[in-house]
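Chains as they are written, first to last, in the working numbering: chain P, 196 to 362; chain Z, 196 to 362.
Here a beta-carbon is modelled for each residue, glycine too, at the ideal position from N, C-alpha and C.
Protein chains: 2
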Amino acid sequence: MGLFSKDIKTFDDLFVHQLQDVYYAEQQLIKALPTMAEKATNKELKQGLLDHLEQTRGHVQRLEQVFKMHNAQQKGVTCPAIDGIIKEANETMGEVENKEVLDAALINAAQAAEHYEITRYGTLVAWAKRLGRNDCAALLQQTLDEEKTCDQKLTKLAEGTINVRAA
Amino acid sequence: MGLFSKDIKTFDDLFVHQLQDVYYAEQQLIKALPTMAEKATNKELKQGLLDHLEQTRGHVQRLEQVFKMHNAQQKGVTCPAIDGIIKEANETMGEVENKEVLDAALINAAQAAEHYEITRYGTLVAWAKRLGRNDCAALLQQTLDEEKTCDQKLTKLAEGTINVRAA
């Protein structure tokens, strides 16, 4: 996408642009999650992050299916939002000394990424339906549901264990 | 916060750091929302963004109250996440030609910012309670509730009007 060209002409273009943005975001998360899991001390958090890594790989495959179904170019476009979320996670992690506090910071960072994906997939589902692509919407909805479930699990883990130990 | 020092030593430091991060984020939104409102074509969306600008000013004041109550340094720390979300919004807006499609892109951008705040305030409320600061938690909860209501309104507007016109 050129910054100074008007590459998005139709609602369909916007949908495809957003798909490509999320495709990039998921790929960045695949790179970031192993480091986060490595830094986590709490076993449940470590495992949760590794499980989410596996799930994220599935989200990438699902996006590739949507690209194919919609006959859209399968590529990632740089997504400054996820780059910023990951940059912030790395910066904050670098500043935390105590392991229990670091776990709390890690879960906060993971939830920021989750929420980013929840908003984007929520939009993508709505847009797909509006474009008459209920087939694409159904696939994207599966990912959305998984992201929401993951966020709820992280909240439960944070409130039940991680924050208690950090405080 | 120094990038190479370990400035966050306790859970309380992490809480204050997150407060300062959100304080910066709200201020960036105060700068970004007027441009977004100006670019919006749909009257309801334009008004919604302006209303949210007012609400955001209230969130800043509420954070200043929390800084005071918690005896923490009232300052913003650069938040690459919101910077990325705003940068992405500006880039996408610059690429959209059609006004109705631009409205859909604007609402998508606003919801990404909302969700960022929802996740951060959600964490702040949980952390404040864990630190025994139910007074701070109650104030932060008010903002969280407003962010959630705003997000729901935007979803309703997107699905009921904006996406229909864009498609």
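Distance cutoff 8 Å, beta carbons only. Does residue i sit that close to anything in chain Z?
| i | result |
| --- | --- |
| Asp202 (chain P) | yes |
| Ile225 (chain P) | no |
| Ala353 (chain P) | yes |
| Leu198 (chain P) | Its pLDDT being 45, under 50, Leu198 (chain P) is placed unreliably by the model, and nothing is read from it. |
| Thr356 (chain P) | no |
| Thr205 (chain P) | yes |
| Lys348 (chain P) | no |
| Leu214 (chain P) | no |
What does DSSP give as the partner residue(s) for residue i in the beta ladder?
| i | result |
| --- | --- |
| Ile203 (chain Z) | P:Val291 |
From the options, pick the residue whose C-alpha is nearest to that of residue i; which is it?
| i | options | result |
| --- | --- | --- |
| Ala235 (chain P) | P:Asn285, P:Thr314, P:Ile313, P:Glu342 | P:Asn285 |
| Ala305 (chain Z) | P:Arg315, P:Gly355, P:Cys274, P:Arg325 | P:Arg315 |
| Asp207 (chain P) | P:Lys324, P:Gly279, P:Lys270 | P:Lys324 |
| Gly279 (chain P) | Z:Glu249, Z:Asn358, Z:Ala308, Z:Ile203 | Z:Ala308 |
| Ile203 (chain Z) | P:Glu249, P:Arg257, P:Gly289 | P:Gly289 |
| Ile302 (chain P) | Z:Gly253, Z:Leu319, Z:Leu326 | Z:Leu319 |
| Cys274 (chain Z) | Z:Arg252, Z:Ala300, Z:Leu224, Z:Gln250 | Z:Leu224 |
| Ala299 (chain Z) | Z:Thr205, Z:Ala232, Z:Tyr218, Z:Asn358 | Z:Asn358 |
| Ile277 (chain Z) | Z:Arg328, Z:Lys348, Z:Phe210, Z:Ala227 | Z:Ala227 |
| Thr356 (chain Z) | P:Glu221, P:Leu245, P:Pro229, P:Ala321 | P:Ala321 |
| Lys201 (chain P) | Z:Lys241, Z:His254, Z:Glu239, Z:Thr287 | Z:Thr287 |
| Phe210 (chain Z) | Z:Gln269, Z:Asp246, Z:Ile281, Z:Gln256 | Z:Gln269 |
| Thr360 (chain P) | P:Leu244, P:Leu240, P:Pro229, P:Met231 | The identity of residue 360 (chain P) in the sequence shown is Arg, whereas the question assumes Thr. It is P:Leu240. |
| His254 (chain Z) | Z:Glu283, Z:Thr205, Z:Tyr219 | Z:Tyr219 |
| Ile281 (chain P) | Z:Thr205, Z:Leu244, Z:Gly271, Z:Tyr311 | Z:Tyr311 |
| Gly271 (chain Z) | Z:Thr230, Z:Glu221, Z:Glu341 | Z:Glu221 |
How about residue i: is its C-beta nearer than 8 Å to some C-beta of chain P?
| i | result |
| --- | --- |
| Tyr311 (chain Z) | yes |
| Thr318 (chain Z) | yes |
| Ala220 (chain Z) | no |
| Val359 (chain Z) | yes |
| Ala323 (chain Z) | no |
| Thr344 (chain Z) | no |
| Leu339 (chain Z) | no |
Is any beta-carbon of chain B found at less than 8 Å from that of residue i?
| i | result |
| --- | --- |
| Glu283 (chain Z) | Although the question refers to chain B, the structure presented lacks it and instead comprises the protein chains P and Z. |
inquiry  = For the region 247 to 281 of chain Z, list every residue whose C-beta sits within 8 Å of some C-beta in chain P, in sequence order.
reply    = Cys274, Pro275, Ala276, Ile277, Asp278, Gly279, Ile280
message = Below 8 Å, how does it come out for the region 282 to 300 of chain Z and the region 327 to 336 of chain Z: are there three or more Cβ pairs, yes or no?
response = no
Contacting positions in the region 288 to 308 of chain Z - beta carbon closer than 8 Å to chain P = Gly289, Glu290, Val291, Glu292, Asn293, Glu295, Val296, Ala299, Ala300, Asn303, Gln306, Ala307
query = Counting Cβ pairs, one atom from each stretch, are 3 or more of them under 8 Å apart for the region 252 to 271 of chain Z and the region 251 to 266 of chain P?
reply = no
request  = Identify each residue in the region 325 to 337 of chain Z for which the Cβ-Cβ distance to at least one residue of chain P is less than 7 Å, and report them in chain order.
outcome  = Arg325, Leu326
query = For the region 228 to 244 of chain P, which residues have a CB atom closer than 9 Å to at least one CB atom of chain Z, in sequence order?
reply = none
query = Quick check: the region 209 to 228 of chain Z against the region 349 to 360 of chain P, are there 3 or more CB pairs under 8 Å?
reply = no
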